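In what follows, a single structure is set out as structure tokens and then discussed.
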Amino acid sequence: LYTAWTAMGLAAAGRDPASVRRDGHSVLESLRGEVSTLQGVGDEERTILAAHACGASAYSFAGHDLVAEMLRARESDNSFDNQVNLTAFAIFALRAVGHSAGYGAIREAAGWIERQQNSDSGFSFGARGSSSDVDDTTAALQALVDAGAHDARVLGAATDYLIRSQNLDGGFPQQYGGESNAQSTAWAVQGLIASGHNPTAVRRRGSRSPVGYLESLLAPGGSIRYSRTSAQTPVWVTAEALIALAGKTFPVG
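In terms of the numbering used here, the sequence shown opens at residue 74 and continues consecutively.
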């Protein structure tokens, strides 16, 4: 989990994660060494994205064809495990390994995602009807853009959901009305970029921008705090924030 996100964060920031070493061991070697511990399509998708960030092939990764393993999780309704989040990450992974937006599995997965938009215009981790949240709405939004989806109503409504979720401190909560945190804000920045908005110009009643909010969480050691009140999982949080601060969307490479 943490190593894969770190690979993406480093790549977004312009550092080759395959060249980052500690005691002679690289990030890429660590990922390869852990491939036998992957459990489920989410792990496979994330590792495909990390391999791409390292410039490695996911088709032959420590003896595993991660793409084939991921595609086995595709359901008859064209979703991945009947979840918006996992279906979005499948689109990111398929684009990362070189498939075009017109590839059947990508096009059909995007069609499934579009049908899962909730009445409040957001998306949930699961299927339509579960509570919408910022993180999964932005994952869906990025995936639809990566898939070349052109339903302006769906894309515009999802973007509106994001913008009205911004808090007065400039950050974004996981769910509307909650406390701002760095990871949800990083996701929101990516969603705004994907939808053609400048995240530095998105401000709630004169607040700082979401980029400014992320910058305000920089800790003395270089990590990004999770929130004003928490410094949890600093490696994961910092890696996600790096992607947004670098102005990148998925897949990162």
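Virtual Cβ for every residue (Gly too), placed ideally from N, Cα, C.
Computed from a predicted structure; not experimentally measured.
Per DSSP, the continuous alpha helix (DSSP H) segment holding N158 begins and ends at V157 to A169.
When the five nearest sequence neighbours on each side are left out, the beta carbons in the same chain lying within less than 6 Å of the beta carbon of D138 are those of Y132, in order along the chain. When Cβ pairs closer than 8 Å are counted between the two stretches, the region 79 to 95 is seen to touch the region 117 to 136, the count reaching three or more. According to the DSSP assignment, H137 belongs to no alpha helix (DSSP H), since it is labelled neither H nor E. In the DSSP assignment, P307 falls within the unbroken alpha helix (DSSP H) covering P307 to L318. When the beta-carbon positions are compared, V218 and L235 stay at least 8 Å from each other. Judged by beta-carbon spacing, G326 lies beyond the 8 Å limit of A182, meaning their Cβ atoms are not closer than that value. Looking at L101, F165, S253 and G294, the one whose alpha-carbon comes closest to that of V284 is S253. Looking at the DSSP output, I266 bridges to nothing.
With respect to the C-alpha of T302, the residue from H270, I164, A255 and P324 having the closest C-alpha is A255. For H125, the enclosing alpha helix (DSSP H) stretches over residues V114 to A126.
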